[in-house]
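These notes concern the structure reproduced below.
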Amino acid sequence: MDDISAGLANSVWAFGSGKGGVGKTFLTSNIGILLAQEGYNVVLFDGDMVGPNLHTALGVGRPQKALSDFILGKVDSLEELLVPTKYKNLSLIPGAENALNADNPNYTFKKKLKKKLHALKHDFIIMDNGSGAGFGVTDLMTIGDTGILVTSPDPSSVELVYRSLKV
């Protein structure tokens, strides 16, 4: 592990965007793949509570269990949700599907999620969160040790990412 990676390892990176379609899932999946190919143990976490699709970007079929099972208390640990991918050293925690009010989880859930995410034994955990500036999205961004907002150069995308920063 080089000096730069050593300072970033064992951390949670939270990616977000002001609007959809700016390449956030593309970026998070490819950063995860690159780190895994470098030998790091990586978990990609699909934090999009409305339209999770990180599994599709990674070529993983529809998962048996997803974050919605954790939200609804059907599973106690995030380890139960880990899905292997075709990439060595890369696992996925699939996003919430069909869970009522999943787009705005309560404080207790977010606190529990943060604790469970940071307890995972991986070099990097990369969150692909939803887009927008709603509480559900911005709160999940604060779970990360590092927050990264993705945008494109069009005016509406820049405006919406700026709104996300102000929240």
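Quick note, in full-length UniProt numbering, the sequence shown goes up one by one and the last residue is 167.
Virtual Cβ for every residue (Gly too), placed ideally from N, Cα, C.
**Prompt:** To which residues of the same chain is D48 closer than 7 Å at the C-beta, ignoring the five residues directly before and after it?
**Reply:** G95, D128, N129 and G130
**Residues of its chain near V12, where Cβ-Cβ distance is below 6 Å and the 5 sequence neighbours each way are ignored** = L117, I125, G144 and D145
**Prompt:** When DSSP labels each residue in this structure, what does M141 get in the three-state scheme?
**Reply:** helix
**Request:** Go through its chain and collect everything with a Cβ distance to K110's Cβ below 6 Å, but skip five positions before and after it.
**Result:** D139
**Message:** With a threshold of 6 Å on Cβ separation, who are the neighbours of Y40 within its own chain once the five nearest residues in sequence on each side are excluded?
**Reply:** D123 and F124
**Request:** Check whether the Cβ atoms of residue 172 and V150 lie closer than 8 Å to each other.
**Result:** The structure shown does not extend to residue 172, since the chain is modelled only from 1 through 167, so no value can be given for it.
**Message:** Measuring straight from C-alpha to C-alpha, what distance separates R62 and H55?
**Reply:** 7 Å
**Message:** Restricting to runs no shorter than 4 residues, where is the alpha helix (DSSP H) found entirely within the UniProt domain "AAA" (14-157)?
**Reply:** 24-37, 54-57, 67-71, 107-119 and 135-143
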